[in-house]
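Residue numbers (the working numbering), protein chains in the order written: chain A, 293 to 443; chain B, 293 to 443.
Note that CB positions come from ideal geometry on N, CA and C, so glycine has one too.
Here the structure is a predicted model, which means the values were calculated and not measured.
The next block holds one structure in the form of structure tokens; read it before the comments.
There are 2 protein chains.
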Amino acid sequence: MTNCDHTLCKTSALKEAERVCEQLGARFTDQRRNVFEILWQSHKAMTAADIMNEMTNKQPPITYRALEFLKKSGLIHHVTSLNAYVGCIYAKDPNHIGQLLICTNCRDINEIEPKNAVSELIKAAKNQDFTPSLTHIEMLGICKTCNNATS
Amino acid sequence: MTNCDHTLCKTSALKEAERVCEQLGARFTDQRRNVFEILWQSHKAMTAADIMNEMTNKQPPITYRALEFLKKSGLIHHVTSLNAYVGCIYAKDPNHIGQLLICTNCRDINEIEPKNAVSELIKAAKNQDFTPSLTHIEMLGICKTCNNATS
DNA sequence: GCTTGCCTGTTAAAATTTAACACTTGCTAC
DNA sequence: GTAGCAAGTGTTAAATTTTAACAGGCAAGC
């Protein structure tokens, strides 16, 4: 997500997070906010350790608990192929299935919603009598910006 | 992959592994074979620790090195959402993109090739000027067998 | 038979994640 | 307003997972 007005982007993500927490009857506490804001400094993947380094309270359980909560609440994604995290830009739709375009050069992540592809994936699963509950689609590669830079 | 003739399945996987190694100019050594055979006892996801427990030589570096080699050679998949491994049934096509249907109940994994979905995913990526190199598609859910068992 | 590159064996340590438990805080019902 | 409860924190320590480093062994080509 190189071409977003990131100040705006971040502000609306924070608003959304507050709304989601309220809806869940959970609190958007200082620790959770701390992790969330660190992640939303950019759209780049950050490991738990990266985040921990920037936390006010740097103790592992604090960070891991907040990450766990934010993930379960659909506010962030666990980028499994990097074992890292990134803010989710479709938090308002808790059931969405995103496709993460992960730049291996700059770690920037662009999340898109590939509706056609997803319906094909679900169809393929159903053909095997498989009942999906959680889908990860991750593509590693080179983003637009890095592509342009090296050419 | 509940309904495969697994004896046959395993035998042909071993043959394929030998062929791939020869083609790469690499050796299908005892350690690599040990890991490979342990993984191919079933189509279930196994963690590095699971595998290590069954190895003849149980030292971590032995296991991790063999896993790394088999993964790079396209003979096994790293199941990132479980941080586990499973044998690849499309090893003959090193460029294939598989969809892993992962049963969260029995850990059995069914790998299929969703050509339509994949072409949609690639199209979506290209629309963002993203150049993909490696794609992970993982679906967590309940497999046919477990579905039937609980109903 | 000697060199070279690949692979192994081994010791240790680094990095990542979780357990356990006592304490605090905010809310709700009385 | 306060007792009780659930949710969340702080802290210590440990378990788990992964990697570094280096010495040695083995097969293949010259």
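Margin query: Give me the subset of the region 356-385 of chain B whose CB atoms are less than 7 Å from a CB atom of chain A, sorted by chain position.
Written below: Taking 7 Å as the Cβ-Cβ cut-off against chain A, the residues of the region 356-385 of chain B that qualify are 372, 373.
Check: Leaving out the 5 sequence neighbours to the left and right, which residues in its chain are closer than 7 Å to residue 406/B when beta-carbon positions are compared?
Finding: Correct list, in chain order: 391.
Margin query: Looking at chain B, is there any beta carbon in it that lies within less than 8 Å of the beta carbon of residue 425/A?
Written below: Judged by the 8 Å Cβ criterion, residue 425/A is in contact with chain B.
Margin query: Per the DSSP calculation, residue 369/B is bridged to which residue(s)?
Written below: Paired residue(s): 378/B.
Checklist line | Through-space distance from residue 440/A to residue 396/A, alpha-carbon basis | finding: Whole-angstrom Cα-Cα distance: 15 Å.
Notebook entry, point to check: If we cut at 8 Å on Cβ distances, does residue 422/A have a partner in chain B?
Noted result: Judged by the 8 Å Cβ criterion, residue 422/A is in contact with chain B.
Next item on the list: Output the distance between the C-alpha atoms of residue 325/A and residue 382/B, rounded to the nearest integer angstrom.
Entry: Rounded to whole angstroms, residue 325/A to residue 382/B spans 44 Å at the Cα level.
Check: Under 8 Å between C-beta atoms, does residue 350/B make it to chain A?
Finding: By this cut-off, residue 350/B is not an interface position.
Next item on the list: Go ahead and label residue 362/A buried or exposed: buried means 16 or more other beta carbons lie within 10 angstroms of its beta carbon, across all protein chains shown.
Entry: Using a 10 angstroms sphere on the CB of residue 362/A, the tally of other CB atoms reaches 16 or more, which defines it as buried.
Checklist line | Terminal residues of the alpha helix (DSSP H) in which residue 354/B lies | finding: Segment 352-364, the alpha helix (DSSP H) holding residue 354/B.
Check: What residue range is occupied by the uninterrupted alpha helix (DSSP H) comprising residue 298/B?
Finding: Segment 298-316, the alpha helix (DSSP H) holding residue 298/B.
Check: Can you tell which of 358/A, 437/A, 427/A has the C-alpha that lies nearest to the C-alpha of residue 313/A?
Finding: That would be 358/A, whose Cα lies nearest to the Cα of residue 313/A.
Margin query: I'd like to know if residue 301/B contacts chain A, where contact means its C-beta is closer than 8 Å to some C-beta of that chain.
Written below: No, no contact with chain A.
Note to self: If you measure between the beta carbons of residue 403/A and residue 438/A, is that distance less than 8 Å?
What the structure shows: No, Cβ-Cβ distance for residue 403/A and residue 438/A is not below 8 Å.
Checklist line | C-beta atoms of residue 355/B and residue 327/B nearer than 8 Å | finding: A distance below 8 Å separates the beta carbons of residue 355/B and residue 327/B.
Next item on the list: Using a cut-off of 7 Å between C-beta atoms, extract the partners of residue 428/A located in chain B.
Entry: Against residue 428/A, the close residues of chain B are 373, 428, 430, in the order they occur along the chain (beta-carbon pairs closer than 7 Å).
Item checked: Closest residue to residue 353/B among 425/B, 323/B, 389/B (Cα-Cα distance) -> Of the candidates 425/B, 323/B, 389/B, the one whose C-alpha sits nearest the C-alpha of residue 353/B is 323/B.
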